[in-house]
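Our numbering numbers the first residue of the sequence shown as 14 and each following residue consecutively.
Backbone N, C-alpha and C define an ideal beta-carbon position, used for all residues, glycine too.
One structure below.
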Amino acid sequence: AGTLRHTLRGHEGAVRAVTFSADGREVVSAGNDGTVRRWRSSDGALLATVVTRRTALRVVALSPEGVPATGGEDGAVYLWPDGNGVELGVLPAPVIRLAFSPDGRWLATATSDGAVQVWVVP
């Protein structure tokens with residue numbers, strides 16, 4: 014059995030997505046409360062909270078540089094550099110997966126209607 018290191022609390026409602034930064038120093042989570050939270054993985058300290066448009070978030074991914082991208086119930090896809098949202102687009106179905114290319118130049122999205130989109134990251 015594994016050993017529990019931290020329990021990270023702060024979301025109001027279900028946490029729908031979680032990922033580590035590339036260097037493992039941060040954990041980033043997103044949830045039904047429409048927030049993205051950054052935590053220090055070594056001690057569980059909350060580092061930052063980004064409040065989005067208050068839609069339920071389904072997925073979160075981090076670029077190689079540590080910029081979060083989110084996808085939500087409303088089909089909106091956002092990047093969050095410095096806590097400010099940059100809308101890439103709104104899709105006709107909820108976003109269920111996100112993935113950055115290894116160089117961070119592309120973001121792939123998958124939606125519940127069976128489509129995959131590839132975006133150029135600004």
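DSSP lists LEU75 as the beta-bridge partner residues of PRO81.
By the beta-carbon neighbour count (other beta carbons within 10 angstroms, threshold 16), PRO135 is exposed. Here GLY96 carries a helix assignment [DSSP, helix/strand/coil]. Looking at the DSSP output, ARG38 shares a beta bridge with no other residue. In this structure, GLY98 sits away from GLU39, with a CB-CB distance that is not shorter than 9 Å.
Taken atom to atom, the span from the alpha-carbon of ASP46 to that of VAL133 is near 28 Å.
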